[in-house]
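> In the working numbering, the protein residues as written are 54 to 463.
Ideal placement from N, C-alpha and C gives every residue a C-beta, glycine not left out.
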Amino acid sequence: METEQLDRVVRLHPLVYLEEADAVTVGRPDVDSYAIFPPDGAELVRRLAAGTTPRQAAEWYADTYGEPVDVAELLETLAELDFIHPPGVDGPSSADNPSELDVPPDPVRWQRLGRALFSPVAFAGYALLVVTAVAAMVAQPDLAPHYDHIFFTDYYSVIELTLFLGQIPLMLVHEAAHALAGRRLGLRSRLSLSHRLGRLVLETSLDGLVVVPRRRRYLPMLAGIGADVLTVAGLTLVAAVLREPDGSVPLVGRICLALAFGTVLRTVWQFYFFLRTDLYHLFTTVFGCVDLHGTAMRMLRNRVDRWLGRRDRLYDESLFHPVDRRIGRWYSWLVVVGYTVGLATLVYMLPAVYRFASGVLGRFFTEPDLAGLADSVVFLGLNVGQLVLLVVVMVRERRSRVPSPRHVIA
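1) With three or more beta-carbon pairs closer than 8 Å as the criterion, would you say the segment 310-328 touches the segment 263-283?
2) Return helix, strand or coil for Ala76, following the three-state DSSP convention.
3) Distance, Cα to Cα, Arg307 vs Val184?
4) How long is the line joining the alpha carbons of Gly235 and Val265, rounded to whole angstroms?
5) So what does Ala88 bridge to, in DSSP terms?
6) In the DSSP output, what is Leu216 paired with across the bridge?
7) My understanding is that Ala311 touches Thr289, with C-beta atoms under 8 Å, so please give their C-beta distance in whole angstroms.
8) Quickly, what does DSSP pair Ile137 with across the bridge? List them, please.
9) Tell me where the alpha helix (DSSP H) around Gly341 begins and ends.
10) Select from Arg99, Met447, Leu244 the residue whose C-alpha is nearest the C-alpha of Pro67.
11) Using only the alpha-carbon positions, how far apart do Glu126 and Arg363 sit?
12) State the start and end residues of the unbroken alpha helix (DSSP H) segment that holds Leu283.
13) Nearest to Gln439 by CA position, among Leu166, Leu214, Val122, is which residue?
14) So, with DSSP's three-state summary, where would you put Leu71?
15) Return yes when the Cβ of Leu345 is within less than 8 Å of the Cβ of Thr337, no when it is not.
16) Since Gln164 is in the alpha helix (DSSP H), which residue starts that stretch and which ends it?
17) Run the CB neighbour count on Phe418, radius 10 Å, all protein chains shown included, and call it buried at 16 or more, exposed below.
18) Is it a yes or a no for the segment 80-88 touching the segment 256-272, going by three-plus beta-carbon pairs under 8 Å?
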């Protein structure tokens with residue numbers, strides 16, 4: 054870097070700072086660009102943002118900490134993070150209003166809606182909805198979620214299409230809850246398609262959570278699960294209201310119960326901790342972990358190797374981050390719980406899987422029924438199509454995978 058450039062004031066975009074433990078997260082919420090700095094580095098950035106020239110900032114650093122700093126390298130890093138205004142481009146900078154450095158510059162779309170949906174009055178209404186649904190399930194036990202609700206018709210392709218297409222808007226509700234809970238705080242969000250455990254899923258990225266005080270991150274993380282609970286309650290009440298005087302439930306009501314059961318399965322999915330679900334991110338945020346999953350998995354391997362007497366294969370646990378090591382001692386057992394819940398769910402669903410398989414394949418070996426055969430062919434085609442779509446998404450994800458410090462919620 055030329056000498057005269059060190060004497061020019063660097064115009065930085067409005068930045069936010071979040072100090073936690075021995076690190077400071079610095080970022081631009083308007084473009085979701087964030088980085089973690091040591092406290093001294095963050096203070097250096099603050100001085101540059103306030104209008105101090107790079108040379109003056111370097112001299113201050115040397116006087117304060119007793120050692121030199123490569124301010125040219127710091128400026129290159131800030132440029133890569135898109136923190137610096139390009140030459141000749143007008144726009145607000147941190148130096149224009151240094152008293153508001155820690156406040157996101159502009160409101161985001163749907164922020165008012167997010168505040169309304171997560172207000173005390175709204176929560177009172179949600180509680181009433183859930184209590185009413187639970188009362189209906191107690192009074193009419195057949196409304197409680199059960200895999201039998203999936204079979205609302207004898208046509209398996211109709212079941213497949215209804216559950217697949219019906220869950221899409223419900224998944225969007227789940228992700229919208231995450232997004233709106235974040236936008237209530239002024240955070241931007243992105244929706245993407247991904248896959249987990251052989252299933253296509255939607256994900257909401259709230260990168261801006263990294264600069265939100267820890268206690269304010271919990272609601273955006275749990276909002277999706279809350280939306281699922283409300284969805285189950287609402288669908289159950291619709292089925293209860295539509296019930297005929299003779300006790301039967303019409304087709305629309307049966308479809309609601311089927312979708313409610315599918316939503317319950319997605320909620321149980323959150324306890325598969327090994328998939329780094331919403332609950333996993335909650336744990337890492339509450340305790341300030343760095344790589345809790347990786348630490349917990351290595352601790353589990355160490356336990357197995359100790360039981361098998363393979364001490365030469367033990368990983369040095371002193372290399373783990375202190376917080377990860379402390380929390381990982383008991384969180385590693387939650388990973389086992391997650392696998393157990395996944396296995397229990399599979400066992401619970403085996404009768405439903407058998408009913409699908411025997412019903413679909415049985416039609417090819419019993420007395421021909423044109424409508425039944427067509428239904429089985431369509432059903433198999435839909436499942437093959439989902440597998441093909443999953444492979445396409447996996448290939449595209451692998452090709453476009455670029456390391457980035459994202460905070461993702463499923």
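The structure says:
1) Yes, they touch.
2) Ala76 falls in the strand class under three-state DSSP.
3) Between Arg307 and Val184, the alpha-carbon positions lie close to 21 Å from each other.
4) Going from the Cα of Gly235 to the Cα of Val265 covers about 10 Å.
5) The bridge partners DSSP lists for Ala88 are Val79.
6) Answer by DSSP bridge pairing: none, since Leu216 is not bridged.
7) So it is not a contact: roughly 11 Å between Cβ atoms.
8) In the DSSP output, where bridge partners are listed per residue, Ile137 has Leu65.
9) Neither: Gly341 is in no alpha helix (DSSP H) and is coded neither H nor E.
10) Measuring from the Cα of Pro67, the nearest candidate turns out to be Arg99.
11) Straight through space, the alpha carbons of Arg363 and Glu126 are spaced by roughly 46 Å.
12) Taken as a continuous stretch (DSSP letters only), the alpha helix (DSSP H) holding Leu283 covers 271-295.
13) Closest by alpha carbon: Leu214.
14) Reduced to three states, the DSSP call for Leu71 is strand.
15) Contact flag set, yes.
16) Counting along the chain, the alpha helix (DSSP H) containing Gln164 begins and ends at 164-170.
17) Phe418 is exposed by the Cβ-count criterion.
18) Yes: at least three Cβ pairs fall under 8 Å.
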